[in-house]
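Here's the structure, in structure tokens; my notes come after.
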Amino acid sequence: MADPRIESIVARRVWDSRARPTLEAEVRLSDGSSGRAIAPAGASRGSREAIDLRDGGTRLGGFDVQGAIAAVHDRIAPALKGLTAIDQSAVDQALIALDPSPTKASLGGNSTIAVSMAVAHAAAAACGEPLYARLGPASAWQVPLPEIQILGGGAHAGRRIDIQDLMVVARSADSVEQALEMTAEVYLAAGRIMAARGPLCGVADEGGFWPAFDSNEEALQTLLKAIEAAGYVPGDEVAISLDIAASEFGSGGRYRLGLERREIDSDGMIEMLGGWLDRFPICSIEDPLAEDDAQGMRRFTQAFGSRVQVVGDDFLVTRADLIEQAAAAGSCNTALIKPNQIGTLTQTHQALLAAQARGWGTIVSARSGETEDSTICDLAIGWRSRQIKVGSIARGERTVKWNALIRAQERLGSAAWAGGRWLPVSNA
Ligand code: PGA
Ligand code: ZN
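Heads up: the sequence shown runs through residues 185 to 612, numbered per the numbering used here.
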């Protein structure tokens with residue numbers, strides 16, 4: 185039978201976890217198979233990432249996506265109609281030809297990623313395989329190690345604390361199932377500690393507790409206490425992972441710590457974070473310096489890159505060229521991989537391969553605005569990304585991803601587990 189071709193593409197408005205509209209694309213093939221996918225949305229976005237095409241104005245906070253839906257119907261669908269769906273690279277090349285700008289400035293990364301992922305799902309359906317099975321050889325499939333948020337801050341929690349994500353990594357877990365159980369124990373312990381110590385402000389955008397603290401360090405101490413209260417050895421069994429998201433409070437070499445009412449320079453940031461690495465069992469630190477602070481990022485990586493994973497998110501925005509530049513300069517040793525930062529699956533894969541080719545780690549990541557779409561789980565498994573980041577262990581748009589990984593581990597067996605002992609701990 186001939187390879188199925190793209191027959192139609194429909195885009196519709198659906199809703200994300202922040203009550204904002206987003207775009208779902210549904211692709212139908214000539215053999216009757218179909219696939220769909222939903223674009224996620226970030227709140228602490230890198231300035232070099234693909235744009236989110238939004239309508240602006242006052243309705244729905246300016247977040248409506250009628251323009252993005254029109255871009256799919258009027259420009260993308262006619263260009264992709266008739267293409268072979270199992271040739272993802274040709275489909276993505278056609279999308280790139282329609283908008284060759286690195287930021288998908290005219291089509292919007294939300295339109296292109298929804299279509300690119302929906303085509304992949306349709307092709308998988310046509311082949312009768314799970315999506316991850318189409319992305320790499322069976323020998324490569326791996327269930328990734330999660331980093332999971334316990335406390336949320338920064339742009340996701342009214343900037344109550346400066347640090348955006350305080351996460352845990354269950355280093356000693358023997359499966360993703362066990363990693364989630366260990367994380368749930370820490371999450372529940374953190375909830376008890378927070379409730380006992382005073383006003384609990386609910387949960388932040390990614391499901392972690394929304395903390396009321398007097399300093400960033402108090403948040404770190406609380407997380408450490410929660411790990412201990414849950415009965416785990418900090419560092420050895422459960423380590424801390426941080427996303428500083430420093431671009432949210434720093435630029436031009438100056439960093440304004442809102443909570444502590446002080447401003448420090450790049451060296452001050454490196455010294456403060458270095459102190460945390462000495463005092464807390466930290467295995468990973470993301471965007472420790474701002475996206476415009478290449479010098480600071482290099483100095484930080486030189487100083488601490490052997491003791492801790494240094495992750496670039498806003499700094500690298502899932503771009504192979506920026507990853508190559510950073511590797512040449514000695515900045516970062518791990519890339520966060522977010523498909524909607526670059527706008528097509530093929531370019532997302534190129535960024536991941538660029539990182540892996542340099543011996544870097546990779547963390548496939550969700551966004552703070554999410555839905556029931558769990559495509560990133562397939563990407564992490566099929567592309568053999570050793571790690572994944574999805575937010576907290578509460579709220580359906582997060583648990584849909586964790587639960588998908590549990591099912592995948594059941595199918596693939598314990599030999600496919602990425603494990604966590606290989607991650608160094610900063611104060612070990
Ligand atoms: P986002 O941030 O709000 O841009 O999705 C998540 C992150 O910084 O990892
Ligand atoms: Zn980040």
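Virtual Cβ for every residue (Gly too), placed ideally from N, Cα, C.
This one's a predicted model, so the numbers in the text were calculated from it and none came from an experiment.
Same chain, Cβ closer than 8 Å to residue i, neighbours up to 5 away in sequence not counted
{"i": "Ala429", "result": "Ser228, Gly338, Ala339, Ile347, Gln348, Asp349, Glu470, Asp471, Asp497, Asp498"}
{"i": "Ala289", "result": "Ile235, Asp283"}
{"i": "Glu556", "result": "Ile222, Gly580, Glu581, Val584"}
{"i": "Pro330", "result": "Val353, Ala354, Val360, Ala363, Leu364, Thr367, Gln571, Ile572, Lys573, Val574, Trp586, Leu589"}
{"i": "Gly566", "result": "Leu315, Tyr316, Ala317, Arg318, Leu319, Gly320, Ala324, Trp325"}
{"i": "Gln272", "result": "Ser300, Val303, Ala304, Ala307, Leu529, Thr530"}
Cβ-Cβ distance between residue i and residue j below 8 Å
{"i": "Ala612", "j": "Gly382", "result": "no"}
{"i": "Ala203", "j": "Thr287", "result": "no"}
{"i": "Lys573", "j": "Ser549", "result": "yes"}
{"i": "Glu402", "j": "Gly336", "result": "no"}
{"i": "Ala309", "j": "Ser218", "result": "yes"}
{"i": "Ala474", "j": "Gly514", "result": "no"}
{"i": "Gly226", "j": "Asp239", "result": "no"}
{"i": "Arg463", "j": "Pro608", "result": "no"}
{"i": "Ser356", "j": "Arg568", "result": "no"}
{"i": "Ile377", "j": "Met351", "result": "no"}
{"i": "Glu613", "j": "Ser399", "result": "Shown here, the chain extends from 185 to 612; a query on residue 613 therefore has no answer."}
As assigned by DSSP and simplified to three states, the class of residue i
{"i": "Tyr316", "result": "helix"}
{"i": "Tyr371", "result": "helix"}
{"i": "Thr546", "result": "strand"}
{"i": "Glu390", "result": "coil"}
{"i": "Glu447", "result": "strand"}
{"i": "Val327", "result": "strand"}
{"i": "Cys561", "result": "helix"}
{"i": "Leu607", "result": "coil"}
{"i": "Trp199", "result": "strand"}
{"i": "Leu291", "result": "coil"}
{"i": "Trp586", "result": "helix"}
{"i": "Ala298", "result": "helix"}
{"i": "Gly415", "result": "coil"}
{"i": "Cys311", "result": "helix"}
{"i": "Ser435", "result": "strand"}
Close beta carbons around residue i, own chain, < 6 Å, minus the five adjacent residues each side
{"i": "Met301", "result": "Ala221, Thr559"}
{"i": "Pro523", "result": "Ile297, Thr532"}
{"i": "Glu432", "result": "Ser228, Gly338, Ala339"}
{"i": "Asp624", "result": "Because the chain in this structure spans residues 185 to 612, residue 624 falls outside the shown range and cannot be described."}
{"i": "Val194", "result": "Glu210"}
{"i": "Cys385", "result": "Trp394, Ala396"}
{"i": "Ala306", "result": "Val211, Leu213, Ser217, Ser218, Gly219, Ala269"}
{"i": "Gly392", "result": "Gln333, Ile334, Leu335, Gly336, Ser576"}
{"i": "Ala511", "result": "Arg542"}
{"i": "Ile411", "result": "Val370, Pro418, Val422"}
Distance cut-off 7 Å: residue i Cβ against heavy atoms of the ligand ZN
{"i": "Ala429", "result": "yes"}
{"i": "Asp236", "result": "no"}
{"i": "Glu470", "result": "yes"}
{"i": "Leu506", "result": "no"}
{"i": "Leu384", "result": "no"}
{"i": "Leu457", "result": "no"}
{"i": "Leu520", "result": "yes"}
Residue i: CB within 7 Å of a non-hydrogen atom of the ligand PGA
{"i": "Gln493", "result": "no"}
{"i": "Gln571", "result": "no"}
{"i": "Asp497", "result": "yes"}
{"i": "Gly226", "result": "yes"}
{"i": "Ser576", "result": "no"}
{"i": "Ala339", "result": "yes"}
{"i": "Ser231", "result": "no"}
{"i": "Gln693", "result": "The chain is shown only over 185 to 612; residue 693 falls outside these bounds and no answer can be derived."}
{"i": "Gln348", "result": "yes"}
{"i": "Ser295", "result": "no"}
{"i": "Arg202", "result": "no"}
{"i": "Arg551", "result": "yes"}
Near the ligand FMN: residue i beta-carbon under 7 Å from a heavy atom
{"i": "Arg343", "result": "With respect to the ligand FMN, the structure shown offers nothing to examine, as its ligands consist of the ligand PGA and the ligand ZN."}
Contact set for residue i: own chain, Cβ-Cβ below 7 Å, skip 5 residues either direction
{"i": "Glu361", "result": "Ile590, Gln593"}
{"i": "His257", "result": "Ala195"}
{"i": "Ala255", "result": "Leu237, Leu291, Gly292, Ser295"}
{"i": "Gly458", "result": "Ala487, Phe488"}
{"i": "Gly266", "result": "Arg189, Ile190"}
{"i": "Ala414", "result": "Glu369, Val370, Ala373"}
Beta-carbon separation (whole angstroms), residue i vs residue j, contact threshold 8 Å
{"i": "Thr485", "j": "Thr518", "result": "Not quite, the Cβ-Cβ distance comes to about 10 Å (not below 8 Å), so this is no contact."}
{"i": "Cys467", "j": "Gln509", "result": "Not confirmed; about 25 Å, so no contact."}
{"i": "Ala602", "j": "Val327", "result": "6 Å"}
{"i": "Gln479", "j": "Ser450", "result": "7 Å"}
{"i": "Ala278", "j": "Ala261", "result": "11 Å between Cβ atoms; not a contact."}
{"i": "Glu554", "j": "Asp276", "result": "Not quite, the Cβ-Cβ distance comes to about 23 Å (not below 8 Å), so this is no contact."}
{"i": "Gln525", "j": "Gly230", "result": "7 Å"}
{"i": "Ser610", "j": "Leu461", "result": "4 Å"}
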